[in-house]
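Going by UniProt numbering, the sequence shown opens with residue 1, and the numbers climb by one from there. A virtual CB, placed ideally from N, CA and C, is assigned to each residue, including glycine. Let me begin by presenting the structure, written as structure tokens, before commenting on it.
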Amino acid sequence: MKVTGKRKRNAQHLQENSALCKVCTSSNSFVVRCCVKGSLLEINDRLIKQPDLLNTSADREGYIAIFMPKPADWLKIKDKFLSYDDYKNLRGTC
Numbered sequence: 001m002k003v004t005g006k007r008k009r010n011a012q013h014l015q016e017n018s019a020l021c022k023v024c025t026s027s028n029s030f031v032v033r034c035c036v037k038g039s040l041l042e043i044n045d046r047l048i049k050q051p052d053l054l055n056t057s058a059d060r061e062g063y064i065a066i067f068m069p070k071p072a073d074w075l076k077i078k079d080k081f082l083s084y085d086d087y088k089n090l091r092g093t094c
């Protein structure tokens, strides 16, 4: 999938409940859902070779995907997201 241009042609459109990936540990597996209706712009291929990035660098190199919501949807959902400081506090990495 190659997303191109200002209008992000060829982007895959996902719903809030669309599955992005499955994260597996030695004892469990978890389905990661999109949680945002929008266009999928990029998947982080580095996670295939370096799955530890999800734990060691989740706020930088360990991202799963990049999305672009529609502007009208963005205004509705932006207040539901955590701030960066709240995210760090939740993960206990302050």
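In the DSSP assignment, what residue or residues form a beta bridge with residue i?
i	result
PRO69	GLY38
ARG33	ALA19
ARG91	Answer by DSSP bridge pairing: none, since ARG91 is not bridged.
ILE43	ALA65
Once DSSP output is grouped into helix, strand and coil, what is the label at residue i?
i	result
GLU48	First, the residue type needs correcting, since residue 48 is Ile and not Glu in the sequence shown. Helix at ILE48.
ILE64	coil
Return the first residue and the last residue of the beta strand (DSSP E) that residue i is part of.
i	result
LEU14	12-14
Just to confirm my understanding: we take residue i, look at its own chain, exclude 5 residues before and 5 after, and list those with CB closer than 7 Å. What are they?
i	result
PRO51	none
Report all residues from its chain with a CB closer than 8 Å to the CB of residue i; omit the five preceding and five following residues, and keep chain order.
i	result
ASN89	none
ARG73	According to the sequence shown, residue 73 is Asp rather than Arg. Here the set comprises VAL36, LYS37, GLY38.
ALA55	Position check: residue 55 holds Asn in this sequence, whereas Ala was assumed. Contacts found: GLY62.
Span of the alpha helix (DSSP H) holding residue i?
i	result
ASN55	53-56
For residue i, collect the residues of the same chain with a Cβ closer than 6 Å to its Cβ; drop the 5 residues on either side in sequence, then sort them by chain order.
i	result
PRO69	VAL36, GLY38
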